[in-house]
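Below is one structure, written out as structure tokens, with a few remarks after it.
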Amino acid sequence: MDNSGITRRKFIIGSAIGGASLVASNYLNLESWATTEESTQDLKVTPTLCDGCGNWCAIKVYTRGKRIWKAEGIPIAGNNLGRICAKGHGLLHEVYNKDRIKSPLKRTGPNKFEPISWEQAYREIGQRVQEIKKEHGPESFFWLQFPEGNAGLCSRFMNALGSPNVFSHATTCFLPRNIGWWLTIGSAKPEHDLEHTRFAIFLGRNIAAGLRLRALSDLSKAKDRGARFVVVDPRFSELASFAHQYVQIRPGTDLALMLAIANTLIAEKLYQKDFVDKYSQGFDELAQKVKGYTTEWAEQKTGIPRGVIGKLAHDLAESAPQAFIHRGYHGALGTQYKNSLQLVRAVACVNGLLGNFNQRGGMFFHPEVKLGRLDPQKFPKTPELGDSMVDGSGASDRYPITPVGLGLSQAIPELALEGKLKAGFVYHNNPLRTCPNPARVIEGYRKLDLLVSFDYILSETASLAHYILPESYYLERDDVVHTNHCFNSKQVAIRQAVIEPLYDTKPMVVILIELAKSLGIGNYFNFTLEEYNQAALAPFGITLERLKQEGVIDLGGKWEPGPPQFKTPSGKFEFVSSTLQDLNLPAVPEWEEPLVVPDQSDIHSFRLIHGKQAHHTHAKTINQEYLKEISLLNDMTRVWIHPERAKALGIKDGDCMTISNSVGKGRARALVTDGIHRDCVFLPSSYGVYSRNLRTAFGFGISYNDFLPTYFDPVLGHCMSNEIIVRVEKTPA
Ligand SMILES: Nc1nc2c(c(=O)[nH]1)N[C@H]1C(S)=C(S)[C@@H](COP(=O)(O)OP(=O)(O)OC[C@H]3O[C@@H](n4cnc5c(=O)[nH]c(N)nc54)[C@H](O)[C@@H]3O)O[C@H]1N2
Ligand SMILES: Nc1nc2c(c(=O)[nH]1)N[C@H]1C(S)=C(S)[C@@H](COP(=O)(O)OP(=O)(O)OC[C@H]3O[C@@H](n4cnc5c(=O)[nH]c(N)nc54)[C@H](O)[C@@H]3O)O[C@H]1N2
Ligand code: SF4
Ligand SMILES: [Mo]
19 MDNSGITRRK FIIGSAIGGA SLVASNYLNL ESWATTEEST QDLKVTPTLC DGCGNWCAIK
79 VYTRGKRIWK AEGIPIAGNN LGRICAKGHG LLHEVYNKDR IKSPLKRTGP NKFEPISWEQ
139 AYREIGQRVQ EIKKEHGPES FFWLQFPEGN AGLCSRFMNA LGSPNVFSHA TTCFLPRNIG
199 WWLTIGSAKP EHDLEHTRFA IFLGRNIAAG LRLRALSDLS KAKDRGARFV VVDPRFSELA
259 SFAHQYVQIR PGTDLALMLA IANTLIAEKL YQKDFVDKYS QGFDELAQKV KGYTTEWAEQ
319 KTGIPRGVIG KLAHDLAESA PQAFIHRGYH GALGTQYKNS LQLVRAVACV NGLLGNFNQR
379 GGMFFHPEVK LGRLDPQKFP KTPELGDSMV DGSGASDRYP ITPVGLGLSQ AIPELALEGK
439 LKAGFVYHNN PLRTCPNPAR VIEGYRKLDL LVSFDYILSE TASLAHYILP ESYYLERDDV
499 VHTNHCFNSK QVAIRQAVIE PLYDTKPMVV ILIELAKSLG IGNYFNFTLE EYNQAALAPF
559 GITLERLKQE GVIDLGGKWE PGPPQFKTPS GKFEFVSSTL QDLNLPAVPE WEEPLVVPDQ
619 SDIHSFRLIH GKQAHHTHAK TINQEYLKEI SLLNDMTRVW IHPERAKALG IKDGDCMTIS
679 NSVGKGRARA LVTDGIHRDC VFLPSSYGVY SRNLRTAFGF GISYNDFLPT YFDPVLGHCM
739 SNEIIVRVEK TPA
């Protein structure tokens with residue numbers, strides 16, 4: 019650890035929020051990482067974008083000589099306003115991780131790797147690709163990636179190869195959230211004017227751990243101005259401890275809460291009639307449908323007292339249109355339940371009743387930045403491919419509204435076993451750890467004739483690949499120009515190398531361009547990254563040099579309130595979804611039970627739910643020694659269980675529990691707390707790394723995926739990751 023310039027003494031975790039949370043207080047605090055005694059004389063500063071999670075926080079990284087020294091946020095950046103989280107600091111150290119891949123690798127046996135040159139890697143992969151393509155066709159190839167940043171060029175690579183099979187993590191993360199909103203308002207991710215709101219409900223969204231630094235900052239400003247907010251969660255989350263009100267809900271029943279709130283708003287004429295009359299369609303059908311969903315009925319489903327439900331409706335109405343229910347992410351509105359799509363639609367409809375679209379303190383569509391493109395000579399159009407994927411995404415008889423290019427990555431193993439997929443490329447993704455039922459994922463991926471991984475460490479997936487082409491770590495590479503970090507303003511930003519690569523690694527865009535040549539599709543990659551980025555910036559009259567110097571440039575044109583415009587088929591806010599109607603699917607939100615429920619007569623039966631911790635991203639940061647240290651010091655791998663349920667099982671705080679079902683079995687220590695609903699246990703989702711090549715993380719904690727069957731939601735196909743029933747018992751001494 020001594021080669022990094024970062025010492026243990028200096029590792030005070032800086033974070034966007036204070037240490038006010040009961041749960042969080044001992045692992046978050048507001049102190050700056052930088053210490054005052056440092057001389058700033060020999061420091062060099064390079065602006066770039068953090069790659070610690072999907073927030074793209076813009077940061078200034080300081081180097082001392084050739085060493086990464088420290089980082090600070092860039093104040094004008096829309097998503098982080100100058101802030102950085104614990105991971106943003108901790109991952110600076112990751113560039114010096116002892117487990118890094120130092121050159122291209124070829125797997126020569128189980129967990130045996132041989133370093134090879136880039137030329138050999140390109141040549142051999144090129145040959146294998148040509149052979150497989152000839153024998154099985156281009157559709158037998160897939161690509162799996164994080165769907166942002168360089169992803170556009172990776173999709174182009176696959177299209178040039180002739181395959182539409184580009185997958186992402188959508189199915190394990192956000193799919194219903196995006197589709198539900200898109201169906202209702204024509205946009206998958208509306209933003210919130212949190213800073214000016216008067217009342218907000220966070221339903222299964224925990225921005226204090228599933229971090230969004232901008233939102234936290236806006237939230238504290240809104241609180242100072244007198245705004246109130248409520249957290250609805252089966253678990254007393256980090257955000258709950260900042261909230262004015264915490265409402266504990268039975269997991270999987272948020273839809274009932276939303277339907278009852280909609281009913282109350284309509285029955286008591288508390289909705290924004292002007293908005294409904296002018297901008298929406300289908301109100302009467304919604305009113306008719308929700309009539310039976312009384313607060314009494316919802317109390318039965320959710321366990322929330324009817325008076326509390328009615329009060330939430332009244333509080334929303336009193337502040338409307340400066341009020342909203344958060345759009346959600348992974349928690350309740352993501353890929354969690356069979357009723358998630360209906361839930362997202364219901365949440366959107368309640369927001370519609372509040373008339374908050376494009377209103378100060380409500381929700382808005384963030385301004386779009388349209389980047390320039392290379393001239394068609396250098397950037398010819400790729401072949402037109404079909405409008406569906408091998409997993410049924412986009413297919414009229416399977417998952418017609420699941421977008422091509424996002425896909426259902428939990429289908430890949432099965433498709434490999436069936437012989438429909440023969441070869442795959444995995445970039446910035448780790449399906450062996452982040453997809454359900456690892457045993458089956460391993461079985462499927464093993465079956466592939468060719469698996470190429472682009473990773474910087476030997477993750478579970480990379481460890482199984484035939485070839486690993488190491489991307490330079492984010493601090494060592496240039497990426498394509500970014501626009502998705504900007505919130506309510508139009509901005510461009512860039513990720514660029516802060517130091518020279520420490521090892522024989524390359525930026526992904528360079529790897530793509532070089533690999534394309536050996537695959538016979540070099541004509542589609544007839545440019546350099548510089549040229550590509552220059553063309554992207556050309557419409558704004560900004561040079562790449564200037565962007566590299568400033569890191570983030572504001573293009574002007576902030577969001578302003580005004581009449582809303584909806585890009586739905588009807589051009590209106592759709593209480594009745596015309597798309598769902600065309601597909602003969604429930605077009606107005608209605609109650610739907612979760613897929614599975616715990617057996618009330620069995621004291622061992624629980625639903626297993628999971629969630630983020632603020633100092634980890636998915637399971638990819640636990641191999642970082644300082645971030646692991648936070649987990650260790652605060653004993654954070656424990657599974658939350660309600661005191662009465664624990665007592666019935668003879669489990670005391672700290673005891674070891676065995677958790678099992680037909681998919682898997684594991685052990686974890688108990689965190690006995692009434693901050694968790696009786697029906698479920700809560701497992702932090704940052705642990706359970708099983709790649710032996712990640713020496714810090716290996717064997718530390720367990721993962722919910724170890725218990726998750728391979729499901730496909732009937733409408734969208736997502737993986738329904740809270741539909742898990744487990745047996746919990748005290749582990750015999
Ligand atoms: N630190 C950190 N930040 C991250 C990430 C990360 O890994 N680490 N990942 C990023 C990504 S990709 C994502 S998707 C987001 C995720 O951001 P969130 O969606 O906010 O995160 P989660 O922790 O998955 O879920 C939020 C809450 O949902 C609750 N929940 C579970 N089931 C239910 C239910 O049935 N009803 C209700 N009401 N609540 C429920 C959980 O207890 C949890 O507190 O975070 C992003 N930011
Ligand atoms: N166990 C577990 N599973 C989960 C979740 C969880 O919290 N825990 N969360 C769910 C959610 S919300 C999401 S969004 C998905 C995310 O699913 P994934 O995207 O598969 O999850 P990550 O853990 O972020 O995996 C990222 C992979 O990228 C690699 N990587 C990191 N930095 C770089 C880099 O600079 N270059 C390259 N080429 N590779 C890099 C990491 O080593 C890791 O192998 O997972 C879902 N599944
Ligand atoms: S939230 Fe943290 S990890 Fe994510 S991009 Fe920002 S600083 Fe990096
Ligand atoms: Mo996610």
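In the working numbering, the protein residues as written are 19 to 751.
Built from N, CA and C at the ideal position, the CB exists for glycine as well.
Self-check item: C-beta atoms of Gly423 and Leu221 nearer than 8 Å
Solution: Their beta carbons are not under 8 Å apart, which means Gly423 does not touch Leu221 by this criterion.
Quiz item: What is the rounded straight-line gap between the Cα of Lys438 and the Cα of Gly167?
Solution: Their backbone Cα atoms lie some 28 Å apart in a straight line.
Quiz item: Shorter than 8 Å from the beta carbon of Asn602 to some beta carbon of chain C?
Solution: This model lacks chain C altogether, as it is built from one protein chain only.
Exercise. Name the residue from Ile430, Tyr289 and Phe584 whose alpha carbon lies nearest to the alpha carbon of Gly462.
Key: Ile430
Practice problem: Would you mind working out which of Asn602, Arg495, Gln583 and Val606 sits nearest Phe593, comparing C-alpha positions? | Solution: Minimum Cα distance to Phe593 is reached at Val606.
Quiz item: Since Ile150 contacts Lys440 with CB under 8 Å, what's their CB separation in whole angstroms?
Solution: 5 Å
Quiz item: Mind checking His628: buried by the 16 CB within 10 Å criterion, or exposed?
Solution: buried
Quiz item: Which ranges would you report for the beta strand (DSSP E) in the region 478–530 if only whole runs of at least 3 residues count?
Solution: 509–511
Quiz item: Anyone know if the C-beta pair for Ser709 and Phe716 falls short of 8 Å?
Solution: yes
Quiz prompt | Distance cut-off 7 Å: Cys191 Cβ against heavy atoms of ligand 4 | solution = yes
Exercise. Could you tell me the distance, in whole angstroms, from the CA atom of Val816 to the CA atom of Gly96?
Key: With the chain covering only 19 through 751, there is no way to say anything about residue 816.
Practice problem: Determine which residues share a DSSP beta bridge with Thr64 and list them. | Solution: DSSP lists Val79 as partners of Thr64.
Quiz prompt | Complete alpha helix (DSSP H) runs within the region 392–429 (minimum length 4 residues, chain order) | solution = none
Practice problem: Consult DSSP for Arg713 and reduce its assignment to one of helix, strand or coil. | Solution: coil
Exercise. Assign Asp620 to one of three DSSP states: helix, strand, or coil.
Key: Coil.
Quiz item: Are there 16 or more other CB atoms within 10 angstroms of the CB of Arg685, so buried, or fewer, so exposed?
Solution: exposed
Exercise. Compare the C-alpha of Asn369 against each of Thr714, His384, Ser619 and Ser337 and name the closest.
Key: Ser337
Self-check item: Backbone secondary structure at Asp572 - three-state DSSP
Solution: strand
Quiz item: Cα separation between Leu493 and Leu520?
Solution: 10 Å
Quiz item: For the beta strand (DSSP E) that contains Met675, what are its first and last residues?
Solution: Cys674 to Ser678
Quiz item: When the Cα atoms are used, what is the spatial distance from Gly155 to Gly410?
Solution: 18 Å
Quiz item: Can you give the beta carbon distance from Met407 to Pro182, rounded, assuming they're within the 8 Å contact cut?
Solution: Contact holds; Cβ gap of about 5 Å.
Exercise. Spell out a yes or no on whether the region 719–730 and the region 120–132 are touching, meaning 3 or more CB-CB pairs, one atom from each, closer than 8 Å.
Key: no
Quiz prompt | Proximal residues to Ser39 (C-beta, below 6 Å), its chain only, five neighbours per side dropped | solution = Residue placement at Ser39 cannot be trusted, given a pLDDT of 34 that sits under 50; the coordinates are not used to answer.
Quiz item: Cα-Cα, which of Ile77, Lys84 and Phe160 is closest to Asp60?
Solution: Lys84
Quiz item: Over what stretch of residues does the beta strand (DSSP E) that includes Phe472 continue unbroken?
Solution: Leu468 to Phe472 is the span of the beta strand (DSSP E), which, as asked, contains Phe472.
Practice problem: Evaluate Arg713 with the Cβ neighbour count: other Cβ atoms within 10 Å of its Cβ, from every protein chain shown; 16 or more gives buried, anything less gives exposed. | Solution: exposed
Quiz item: In terms of alpha-carbon separation, which member of Pro702, Glu432 and Val516 lies closest to Ala637?
Solution: With distances taken between CA atoms, Ala637 lies nearest to Pro702 out of Pro702, Glu432 and Val516.
Quiz item: Can Ala188 be considered in contact with ligand 1, in the sense that its beta carbon sits closer than 7 Å to one or more heavy atoms?
Solution: no
Exercise. Answer yes or no: the CB of Lys105 versus the heavy atoms of ligand 3, is any distance below 7 Å?
Key: For Lys105, the distance from the CB to the nearest heavy atom of ligand 3 is below 7 Å.
Quiz item: Is there contact here, the region 293–311 with the region 205–216, by at least three beta-carbon pairs under 8 Å?
Solution: With fewer than three CB-CB distances shorter than 8 Å, the region 293–311 does not count as touching the region 205–216.
Quiz item: If you compare alpha carbons, which of Trp74, Leu179, Cys504 and Asp242 is closest to Asn541?
Solution: For the residues Trp74, Leu179, Cys504 and Asp242, the minimum Cα distance to Asn541 belongs to Leu179.
Self-check item: Lys630: CB within 7 Å of a non-hydrogen atom of ligand 1
Solution: yes
Exercise. Report the partner residues of Pro133 according to the DSSP bridge assignment.
Key: Looking at the DSSP output, Pro133 sits in a beta bridge with Leu123.
Quiz item: Would DSSP call Met381 helix, strand or coil?
Solution: strand
Self-check item: Nearest candidate by alpha-carbon position, reference Arg230, set Phe293, Leu99 and Phe160
Solution: Leu99
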